[in-house]
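**Student:** Starting off with a structure, shown below.
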Amino acid sequence: MIDIKNLRANPEDYQTSAEQRGIKVDIKAAIKLDADRAQQIAKVEQLRAQLNVKGKPSEDELKALQQAKAELEPLEKQLKQTTEKLDAVLQQIPNLLATDTPEGGEEDNREERTWGKAEKRDGVKDHLTLGEANDWIDFERGAKVAGAKFYFLKGALVRLEMAVVNMAMDLLEKEGFTLMSVPHMANTRTMNGTGFSPRGEERQIYEIEGDDLNLIATAEIPLTGYHADEILEADQLPLLYAGYSPAYRQEAGAYGKHSKGLYRVHQFNKLEMYVFCSPEDSEKWHQKLVEVEERICHELEIPYRLVRIAAGDLGAPAYKKYDIEYWSPVDGSYRELTSCSNVTDYQARRLNIRARKEDGSLEHVHTLNGTAVATSRLLIALLENHQAEDGTVAIPEALQTYYGGKTL
1 MIDIKNLRAN PEDYQTSAEQ RGIKVDIKAA IKLDADRAQQ IAKVEQLRAQ LNVKGKPSED
61 ELKALQQAKA ELEPLEKQLK QTTEKLDAVL QQIPNLLATD TPEGGEEDNR EERTWGKAEK
121 RDGVKDHLTL GEANDWIDFE RGAKVAGAKF YFLKGALVRL EMAVVNMAMD LLEKEGFTLM
181 SVPHMANTRT MNGTGFSPRG EERQIYEIEG DDLNLIATAE IPLTGYHADE ILEADQLPLL
241 YAGYSPAYRQ EAGAYGKHSK GLYRVHQFNK LEMYVFCSPE DSEKWHQKLV EVEERICHEL
301 EIPYRLVRIA AGDLGAPAYK KYDIEYWSPV DGSYRELTSC SNVTDYQARR LNIRARKEDG
361 SLEHVHTLNG TAVATSRLLI ALLENHQAED GTVAIPEALQ TYYGGKTL
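Positions 1 to 408 (my numbering) are the ones given, in order, by the sequence shown.
In structure tokens, the structure reads:
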């Protein structure tokens with residue numbers, strides 16, 4: 001939910017944000033409904049004040065009271081309907097955009113910097129070919145059990161996955177993050193509050209039939225809901241959480257050139273960073289989360305580039321977003337590895353998360369999220385970037401203690 005006061009003052013900014021993202025929403029309708037609601041509230045309050053008389057009314061006053069009561073009931077019903085319509089429209093309005101957000105779609109994402117040696121190497125096997133040859137990955141039996149895009153990881157690759165997660169957890173704890181194992185399901189209010197719509201046009205969420213529950217697409221969802229309807233104390237902030245969970249995604253219609261193997265699957269494990277902070281600190285924390293993501297790539301010796309996401313490639317919640325794309329020596333391309341978003345007060349307003357300032361006033365907090373580890377894609381990056389000519393995979397030095405060896 002966006003700030004209605006800000007919408008009244010800056011409707012053009014919200015219209016621009018929606019248009020640049022490719023989101024269809026009627027800002028003028030929201031402004032009109034808001035004005036109608038204000039008039040209806042004023043009238044309802046006037047009638048209620050009229051009915052709140054003391055003492056025995058005269059005959060004329062009694063008639064006036066009866067008239068007011070007759071007018072109040074349908075007006076209250078009308079107010080309820082207007083409020084529901086307004087809320088429905090407000091739910092569709094995306095967050096504002098940072099003023100320096102690149103315009104355009106995915107092809108207009110802006111490269112900020114690169115790290116490592118990015119070169120195409122002949123003879124490097126893609127992760128799926130290598131994984132199946134070594135009996136580390138089994139999609140065939142995964143499909144037999146659960147359908148396409150499900151898989152089994154086996155043997156050394158499972159150990160490598162756990163090593164990466166444990167290394168990242170240690171790093172995050174040193175940075176002050178509290179590790180959390182989160183529910184794998186969330187109710188619809190939490191999903192919508194985070195910005196994931198189970199019943200949206202692009203169905204990406206698995207719903208639990210017969211229950212108001214959905215499988216989570218990221219630990220961001222339960223972490224956002226962790227403080228729903230709470231008032232935090234300003235001196236508690238920032239709150240730094242790192243949630244570990246499976247991520248379940250329908251990935252409907254997502255079959256591009258990079259959909260092979262582990263790159264785009266229905267289930268993978270993920271360690272997600274999440275921050276609750278004061279509004280004035282959210283930009284600082286956004287840069288900090290990106291710094292942590294880059295450090296993990298440095299530790300794992302994975303070449304990458306950092307890109308700033310263009311407006312047309314942003315979802316509704318994000319005010320500003322970066323992706324890290326790892327280098328694939330197999331085909332000489334960069335592919336998405338992690339993302340990191342500042343959603344300002346978008347989620348906090350939808351889930352009623354506020355902080356009490358020193359002067360006693362309340363304000364909505366800002367929230368941020370960033371991928372520390374998405375294991376499926378990180379395994380691809382490791383298998384392809386550290387692959388030797390004989391097909392063995394070198395374990396980066398920072399990971400060797402966690403893995404228990406130098407080669408896979």
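Beta carbons: idealized from backbone N, C-alpha and C, even for Gly.
Shortest alpha-carbon distance to Gln46 belongs to which of Thr101, Ile380 and Leu72?
**Tutor:** Within the sequence shown, numbered from 1, the residue matching residue 46 stands at position 46. With distances taken between Cα atoms, Gln46 lies closest to Leu72.
**Student:** With a 10 Å radius around its C-beta and 16 neighbouring C-beta atoms as the bar for buried, classify Lys5 as buried or exposed.
**Tutor:** For the purposes of this step, residue 5 is taken as residue 5 along the sequence shown, with counting starting at 1. Result: exposed.
**Student:** I'd like to check one pair, Glu293 with Ala242: are the Cβ atoms closer than 8 Å?
**Tutor:** By one-based count along the sequence shown, residue 242 stands at place 242. By one-based count along the sequence shown, residue 293 stands at place 293. No, they are not a contact pair.
**Student:** In whole angstroms, give me the CA-to-CA distance for Tyr274 and Ala29.
**Tutor:** Taking the sequence shown and counting its residues from 1, one reaches residue 274 at position 274. Taking the sequence shown and counting its residues from 1, one reaches residue 29 at position 29. Going by the C-alpha atoms only, they are around 34 Å apart.
**Student:** When the Cα atoms are used, what is the spatial distance from Leu215 to Asn10?
**Tutor:** Along the sequence shown, one-based indexing puts residue 215 at 215. Along the sequence shown, one-based indexing puts residue 10 at 10. Each residue's alpha carbon lies about 36 Å from the other.
**Student:** With 16 as the cutoff for other CB atoms within 10 Å, does Asp345 come out buried or exposed?
**Tutor:** Taking the sequence shown and counting its residues from 1, the one referred to as residue 345 is at position 345. Classification for Asp345: buried.
**Student:** With distance defined between alpha-carbon atoms, name the residue in Leu289, Arg21 and Gln78 nearest to Gly105.
**Tutor:** Taking the first residue of the sequence shown as position 1, residue 105 is located at position 105. Closest by alpha carbon: Arg21.
**Student:** Which full runs of the alpha helix (DSSP H) of 4+ residues lie inside the region 125-172, going along the chain?
**Tutor:** Counting only runs of 4 or more, we get 127-133 and 139-146.
**Student:** Taking a contact to mean a Cβ-Cβ separation below 8 Å, would you say Asn369 touches Ser282 in this structure?
**Tutor:** The residue labelled residue 369 in the question sits at position 369 within the sequence shown. The residue labelled residue 282 in the question sits at position 282 within the sequence shown. Taking 8 Å as the Cβ cut-off, Asn369 and Ser282 do not qualify as a contacting pair.
**Student:** Taking the alpha-carbon of Glu325 as reference, which of Gly147, Cys297 and Arg8 has the nearest alpha-carbon?
**Tutor:** Here residue 325 corresponds to residue number 325 of the sequence shown, with the count starting at 1. With distances taken between Cα atoms, Glu325 lies closest to Cys297.
**Student:** What's the gap between the Cα of Arg305 and the Cα of Gln287?
**Tutor:** As a first step, residue 305 is located in the sequence shown; it is residue number 305 there, counting from the start. As a first step, residue 287 is located in the sequence shown; it is residue number 287 there, counting from the start. About 15 Å.
**Student:** Based on DSSP bridge pairs, tell me the residues matched to Ile324.
**Tutor:** Residue mapping note: residue 324 aligns to position 324 of the sequence shown, counting from 1. Answer is Leu306 and Thr338.
**Student:** Can you say whether Gly123 is buried or exposed, counting buried as having 16 or more other CB atoms within 10 angstroms of its CB?
**Tutor:** As a first step, residue 123 is located in the sequence shown; it is residue number 123 there, counting from the start. So Gly123 counts as exposed.
**Student:** By how many angstroms is the C-alpha of Leu239 removed from the C-alpha of Ile31?
**Tutor:** Position 31 of the sequence shown, counted from the start, is the residue given in the question as residue 31. Position 239 of the sequence shown, counted from the start, is the residue given in the question as residue 239. The straight-line gap from Cα to Cα measures roughly 35 Å.
**Student:** If we count Cβ pairs, one from each stretch, closer than 8 Å, do we get three or more for the region 124-138 versus the region 257-270?
**Tutor:** The answer is yes - the region 257-270 touches the region 124-138, with three or more Cβ pairs under 8 Å.
**Student:** Along the chain, where does the beta strand (DSSP E) that runs through Glu111 open and close?
**Tutor:** Locating residue 111 in the sequence shown gives position 111, where the first residue counts as 1. Residues Arg110 to Trp115.
**Student:** Which full runs of the alpha helix (DSSP H) of 4+ residues lie inside the region 4-60, going along the chain?
**Tutor:** Whole alpha helix (DSSP H) segments, 4+ residues: 4-9, 11-21 and 27-51.
**Student:** Determine the extent of the alpha helix (DSSP H) in which Gln267 is found, giving its start and end residues.
**Tutor:** Position 267 of the sequence shown, counted from the start, is the residue given in the question as residue 267. Gln267 -> not in any alpha helix (DSSP H); beta strand (DSSP E) instead, spanning Gln267 to Cys277.
**Student:** So the candidates are Thr218, Lys43, Asp212 and Asp313; which of them puts its Cα closest to the Cα of Asn109?
**Tutor:** Indexing the sequence shown from 1 puts residue 109 at position 109. Comparing Cα-Cα distances from Asn109 to each of Thr218, Lys43, Asp212 and Asp313, the minimum goes to Asp313.
**Student:** Give every residue of the same chain whose Cβ lies closer than 7 Å to the Cβ of Arg308, excluding the five residues on either side of it in the sequence, and list them in chain order.
**Tutor:** By 1-based counting over the sequence shown, the position of residue 308 is 308. Same-chain partners within the cutoff: Pro102, Asn109, Arg110, Glu112 and Tyr322.
**Student:** Using the Cα positions of His171 and Arg295, report the straight-line distance between them to the nearest angstrom.
**Tutor:** What you label residue 171 is simply residue 171 of the sequence shown in a count that begins at 1. What you label residue 295 is simply residue 295 of the sequence shown in a count that begins at 1. According to the sequence displayed, residue 171 carries Leu and not His. C-alpha separation (whole angstroms): 9 Å.
**Student:** Can you tell me which of the three DSSP states Arg350 falls into?
**Tutor:** Counting from one through the sequence shown, the residue named residue 350 turns up at place 350. Three-state DSSP puts Arg350 in a helix.
**Student:** Count the other CB atoms, across all protein chains shown, that sit within 10 Å of the CB of Glu161; report buried if there are 16 or more and exposed otherwise.
**Tutor:** Sequence index remark: in the sequence shown, residue 161 carries index 161 (1-based). Burial call: buried.
**Student:** For Leu223, report the span of its alpha helix (DSSP H) as first-last.
**Tutor:** Here residue 223 is taken as the residue at index 223 of the sequence shown, counted from 1. Where Leu223 is concerned, the enclosing alpha helix (DSSP H) stretches over Glu220 to Gly225.
**Student:** For a test of the three-state rule: what should DSSP assign to Arg264, helix, strand or coil?
**Tutor:** Working through the sequence shown from its first residue, we reach residue 264 at position 264. DSSP places Arg264 in coil when its eight states are reduced to three.
**Student:** Within 10 angstroms of its Cβ, does Pro74 collect 16 or more other Cβ (buried), or is it exposed?
**Tutor:** Stepping through the sequence shown from its first residue, residue 74 is reached at position 74. It is exposed - the Cβ of Pro74 has fewer than 16 other Cβ atoms within 10 Å.
**Student:** Using beta-carbon positions only, say whether Leu213 and Tyr244 come within less than 8 Å of one another.
**Tutor:** Stepping through the sequence shown from its first residue, residue 213 is reached at position 213. Stepping through the sequence shown from its first residue, residue 244 is reached at position 244. Their beta carbons are not under 8 Å apart, which means Leu213 does not touch Tyr244 by this criterion.
**Student:** Please classify Thr338: is it buried, with 16 or more other beta-carbons within 10 angstroms of its beta-carbon, or exposed?
**Tutor:** As a working mapping, residue 338 is identified with position 338 in the sequence shown. Flag for Thr338 reads buried.
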